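Protein chains: 2
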Amino acid sequence: MRKQPQQKRSREMVRALVDATGLCIQRHGLDDTTTARIAEQAGVSVGSLYQYFGDKSALIEALMDRLAEDIAGGLRRLPLMAVNDLNEMVHRSIRFGFSVLRSRDGLYLELVRNWHRLPTHRMVDLLQQHFMELSRLYFLRHYRDYPIENLEVRVFIVTNSVLFTMVRHVSQGDVIGEEALARELTRMVAGYLAEPPETAAP
Amino acid sequence: MRKQPQQKRSREMVRALVDATGLCIQRHGLDDTTTARIAEQAGVSVGSLYQYFGDKSALIEALMDRLAEDIAGGLRRLPLMAVNDLNEMVHRSIRFGFSVLRSRDGLYLELVRNWHRLPTHRMVDLLQQHFMELSRLYFLRHYRDYPIENLEVRVFIVTNSVLFTMVRHVSQGDVIGEEALARELTRMVAGYLAEPPETAAP
DNA sequence: CGTTAATGCGAATATCCATTCGCATTCAAT
DNA sequence: ATTGAATGCGAATGGATATTCGCATTAACG
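Shown next as structure tokens:
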């Protein structure tokens, strides 16, 4: 941020600008989200925008940061540790994922469609991190006997598989139905996570 | 295509332009692939480009079409039907996928990084279709006894999972190692595909 | 050859947007 | 109320790039 807003008026403007960025992206798509439009939507002028954000991408990063915190919060709020059945735990996580993706009137969908030219990596990495942590705890508690060996790899695969299958599903006509998809995804993931480390023939 | 090339000279030019488009994307990235650069690379002028391609995106679509045919061809050339072990079959497919992604000096990587603003859907759908067809044949031949119920859903999940896990892996530093990733992906996919339709408790 | 249609050229044009800058307005402290 | 700092403005600027158009060159055919 180029300058710290000191007065109440300007703090509100910064807030309004980030809000407006989200709104514009959601309503007009990332391509048509211009500085002019953002400013107009926020009810301020373009010039003011540049008082507090070095450039347009700084604005978008601010938006992404806010969203990332949102997701992390929601994830933490799910009481997943208490769920004994692995299948059920995975299923709940996946359903949470779908609900996030559909929230905010398509904002997430538009962001996801444009993941590569956004600081999405930050967000994906963050999610991955959270899932990693969560999995570690979960397996420590529920699978004391044979702790999964290559949890890192497995969580990497599972997170990406689920994320992008969901994305593909949502960003095109859902020919399959969310219910079935969630169920089958859960079966694949839970089945894989529960597999013993190596299948070395005796 | 705006006009059909009638003379040999112009047919070669069209070819050269598509080649040049691929080269530019691969060398300079999609963002810096300008009509000027493409024309220069092809050794023709910008004006000539517009003789045969309505606009820049038409050129890129032509490139994508060519690549799609390439992949389809390679896929057909793999003798997967003969492989009895499901695990092995999946593993070979995945390794083929990696090899495609790495081929053409990073062209595919650049395209993949920018999938959303390209007619990539065409390509992904095509791939999915091919895998669907392939799976149907494979399971018909090898699993006569209980044919997989919801093959559509499973193939959808599996294709997307594998594709995008590979993409994520390749488009960032591979902290994991391709070998391990291919092995684990295979385990997840083969395990899931071989699962019986429903796990209704007796 | 000579004529016509096809092809090729690339400087000039058109468009779109991020970013700036000089001036106007509002705030806060005295 | 006065004043200096903070904030706000938005027309003007600049840069990038897709696309066009009038003229030059080349192929095809008699």
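Sequence lines, in order, name chains A and B. The opening position of the first sequence corresponds to residue 1 in full-length UniProt numbering, with each subsequent residue numbered one higher. The opening position of the second sequence corresponds to residue 1 in full-length UniProt numbering, with each subsequent residue numbered one higher. Just so it is clear, CB atoms sit at the ideal spot from N, CA and C, and this is done for glycine as well. Just so it is clear, the structure is predicted and the values come from calculations on it, not from any experiment.
Please list the partners that residue 114 (chain A) has in chain B, where partner means a Cβ-to-Cβ separation under 9 Å.
116 and 117
Given a cut-off of 8 Å on the beta-carbon distance, is the pair residue 191 (chain B) and residue 192 (chain A) in contact?
yes
Distance, Cα to Cα, residue 156 (chain B) vs residue 96 (chain B)?
18 Å
Which residues of chain B have a Cβ atom closer than 9 Å to the Cβ of residue 195 (chain A), listed in chain order?
187, 188 and 191
Where residue 168 (chain A) sits in the DSSP three-state scheme
helix
Please decide whether residue 184 (chain A) counts as near chain B, where near means a Cβ-Cβ distance under 8 Å.
yes
Would you call the CB atoms of residue 189 (chain A) and residue 124 (chain A) closer than 8 Å?
no
Can you tell me where the alpha helix (DSSP H) holding residue 128 (chain B) begins and where it ends?
120-142
What does residue 156 (chain B) touch in chain A if you count any residue whose Cβ is under 7 Å from its own?
176
Whole-angstrom C-beta distance between residue 60 (chain A) and residue 100 (chain A), which should lie under 8 Å:
19 Å between Cβ atoms; not a contact.
Rounded distance between the beta-carbons of residue 109 (chain A) and residue 171 (chain A), thought under 8 Å:
6 Å
Shortest alpha-carbon distance to residue 116 (chain B) belongs to which of A:181, A:141, A:69 and A:167?
A:167
Under the three-state DSSP convention, the category residue 156 (chain B) falls into:
helix
Suppose the cutoff is 7 Å on Cβ atoms and the five residues either side in sequence are ignored; what does the same chain contact list for residue 30 (chain A) look like?
110 and 114
Residue 41 (chain A) lies in the alpha helix (DSSP H); which residues open and close that run?
35-42
Excluding the 5 residues preceding and the 5 following residue 200 (chain A) in the sequence, name in chain order all residues of the same chain whose CB lies nearer than 6 Å to its CB.
Residue placement at residue 200 (chain A) is poorly supported in this model, since its pLDDT is 47, which falls under 50; the coordinates are not used for a value here.
Pull up the CB-CB distance for residue 128 (chain A) and residue 159 (chain A), whole angstroms please, since I reckon it's below 8 Å.
5 Å
Under the assumption that residue 195 (chain B) contacts residue 187 (chain A) (Cβ atoms under 8 Å), give the Cβ distance between them as a whole number of angstroms.
7 Å
Determine the chain B residues that contact residue 168 (chain A) at a beta-carbon separation under 7 Å, and present them in chain order.
160
Where does residue 26 (chain B) fall in DSSP's three states?
helix
With C-beta atoms as the reference, is residue 16 (chain A) less than 8 Å away from residue 54 (chain A)?
no
Residue 47 (chain B) - containing alpha helix (DSSP H), residue span
46-52
Closest Cα partner of residue 180 (chain A) within the set B:169, B:112, B:177 and B:150
B:150
Residue 150 (chain B): contacting residues in chain A (beta-carbon distance under 8 Å)
180 and 184
Once DSSP output is grouped into helix, strand and coil, what is the label at residue 94 (chain A)?
helix
Can the beta-carbon of residue 35 (chain A) be found less than 8 Å from the beta-carbon of residue 49 (chain A)?
yes
Any idea if residue 41 (chain A) is buried or exposed, counting beta-carbon neighbours within 10 angstroms, 16 or more meaning buried?
buried
Suppose contacts are defined by Cβ-Cβ distances below 8 Å. Is residue 68 (chain B) in contact with residue 122 (chain B) by that definition?
yes
With DSSP as the reference, label residue 177 (chain A) as helix, strand or coil.
coil
Residue 165 (chain B) versus chain A: which residues are under 8 Å apart at the beta carbon?
156, 157, 160, 161 and 164
Where do the ends of the alpha helix (DSSP H) carrying residue 112 (chain B) lie?
107-113
Residue 64 (chain B) lies in the alpha helix (DSSP H); which residues open and close that run?
56-77
Is the distance from the Cβ of residue 104 (chain A) to the Cβ of residue 26 (chain A) below 8 Å?
yes
Relative to the C-alpha of residue 135 (chain B), which residue among B:119, B:118, B:86 and B:176 is closest?
B:86
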